[in-house]
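Before any comments, here is the structure.
Numbering (my numbering), first residue to last: 2 to 407.
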């Protein structure tokens with residue numbers, strides 16, 4: 002009877018082991034489509050069989066084997082860093098597409114062409130009041146177009162600043178969740194065998210990688226230590242270190258919990274794209290459009306300042322006004338001026354069209370760095386377009402590489 006009961010007990014234990022193995026298989030099937038889930042395998046071990054020593058043999062559980070590869074996970078995170086950067090850059094640059102409009106009949110380029118066409122009309126009839134009025138209207142339109150481009154760039158920069166603050170908040174929230182998972186690992190060593198918890202940690206690390214480049218070190222207890230930029234501690238054990246976005250100065254920065262500047266350590270991820278756009282790309286576009294606006298206004302004003310109006314008097318004020326401290330393109334406007342006050346004649350030839358001729362010729366002159374006004378703006382718009390096109394191509398490449406890594 003003793004042998005029978007021993008056999009039954011041993012069989013029951015073995016059945017429970019096989020039942021556990023079946024539940025592991027069922028978990029694999031159920032979570033086949035779960036992001037971050039790694040296939041589990043129940044390991045079985047033979048129990049010692051020695052009847053003389055009272056060891057009846059059988060099967061015992063040797064734990065579960067996780068198919069997760071930390072090397073593969075690291076490669077996926079690296080791909081997510083470059084993908085996150087390309088995705089965010091493309092999203093932000095897309096906002097500029099309607100700003101640099103070079104289509105016929107619309108945008109700044111068309112406004113400049115209409116202004117110089119109205120000046121050309123005055124070379125034929127310099128004393129025509131209606132034609133003079135058209136020039137004033139076209140000047141106001143050109144100023145408004147400069148304003149619109151500047152506002153568009155400013156709006157894109159504000160969007161990048163807001164996104165930087167939001168993404169930084171996401172980093173802090175993800176870091177807090179990682180610290181919580183670490184605490185669960187440290188509180189119970191069996192948590193390492195929980196595929197759901199491992200999956201959650203992996204997903205959190207991947208979400209973090211899409212935002213900023215990180216270095217992850219796994220401890221023996223299963224917890225993850227995370228360094229931002231490879232140097233600044235973000236999570237260790239159940240402790241989190243906050244990061245902050247500083248957008249109040251001329252340059253946006255990412256700061257650690259002590260206020261140290263981490264900007265130079267951010268090399269990839271959405272945060273890297275936002276910092277590059279906000280600190281370099283967008284200010285560069287703004288500087289170039291301000292330069293164009295200032296040169297356009299200054300050269301037109303200089304020509305008109307050397308002429309006389311219909312009454313033989315010098316102009317009462319400059320046609321274009323702006324505040325260089327706040328940005329020429331942003332503040333460009335026209336002065337309140339009557340059509341008769343446009344100084345289109347040379348002082349030696351009152352009533353003539355000498356200044357109007359010079360003004361019309363300005364359209365094709367190498368006014369800015371060897372380019373005409375339209376050519377200079379076209380080069381700026383082309384650079385913005387190439388940046389977006391290149392970013393979109395990079396995004397497609399990173400999507401393919403990420404798919405291969407996964």
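Don't be surprised by glycine CBs; every beta carbon is placed ideally from N, CA and C.
Note that the structure is a prediction, hence the values are computed from the model and not measured.
Approximately 3 angstroms separates the beta-carbon atoms of residue 308 and residue 344; this is inside 8 angstroms, confirming the contact. Just measuring C-alpha positions, the residue of 359, 369, 400, 383 sitting nearest residue 118 is 359. In this structure, 398 is the residue among 398, 302, 405 with its C-alpha nearest to the C-alpha of residue 88. In this structure, 389 is the residue among 405, 389, 400, 403 with its C-alpha nearest to the C-alpha of residue 92. For residue 292, the closest alpha carbon among the candidates 196, 270, 306, 327 is that of 327. Annotated three-state conformation of residue 267 is coil, per DSSP.
Between the alpha carbons of residue 97 and residue 161 lies a gap of roughly 12 angstroms.
Between residue 204 and the set 298, 135, 225, 220, the nearest pair of CA atoms involves 225. Excluding the 5 residues flanking it on each side, residue 132 has same chain C-beta neighbours closer than 8 angstroms at 119, 122, 123, 126, in chain order. A residue is called buried when at least 16 other Cβ atoms come within 10 angstroms of its Cβ; residue 317 does not meet this threshold and is exposed. Secondary-structure assignment with DSSP links residue 255 through a beta bridge to 246. By the C-beta density criterion, residue 295 is buried, having at least 16 other C-beta atoms within 10 angstroms. The way I'd put it, the segment 138-147 doesn't touch the segment 195-211; fewer than three beta-carbon pairs between them come closer than 8 angstroms. Between residue 382 and residue 102, the gap from beta carbon to beta carbon is short of 9 angstroms. Taking C-alpha positions only, residue 165 is separated from residue 271 by approximately 8 angstroms.
Annotated three-state conformation of residue 341 is helix, per DSSP.
Between residue 364 and residue 373, the CB-CB gap stays under 9 angstroms. By the neighbour-count criterion, in which 16 or more other beta carbons inside 10 Å mark a residue as buried, residue 218 falls on the exposed side. The closest CA to that of residue 249, considering only 234, 279, 240, is found on 279.
The secondary-structure analysis by DSSP pairs residue 124 with nothing; it has no beta-bridge partner.
According to the DSSP assignment, residue 233 belongs to the beta strand (DSSP E) that extends over 233-237. Under the three-state reduction of DSSP output, residue 129 falls in the coil class, being neither helix nor strand. Non-local C-beta neighbours of residue 403 in its own chain, meaning closer than 7 angstroms and more than five positions away in sequence, comprise 80, 81, 84, ordered along the chain. DSSP lists no beta-bridge partner residue for residue 398. When the five nearest sequence neighbours on each side are left out, the beta carbons in the same chain lying within less than 6 angstroms of the beta carbon of residue 227 are those of 215, 217, 235, 236, in order along the chain. Taking the Cα positions, residue 290 is about 33 angstroms away from residue 129.
When the five nearest sequence neighbours on each side are left out, the beta carbons in the same chain lying within less than 7 angstroms of the beta carbon of residue 297 are those of 374, in order along the chain. For residue 225, the enclosing beta strand (DSSP E) stretches over residues 225-229. Residue 217 is bridged by DSSP to 227.
Per the C-alpha coordinates, the member of 145, 303, 136, 108 positioned closest to residue 329 is 145. With respect to the C-alpha of residue 233, the residue from 368, 376, 258 having the closest C-alpha is 258.
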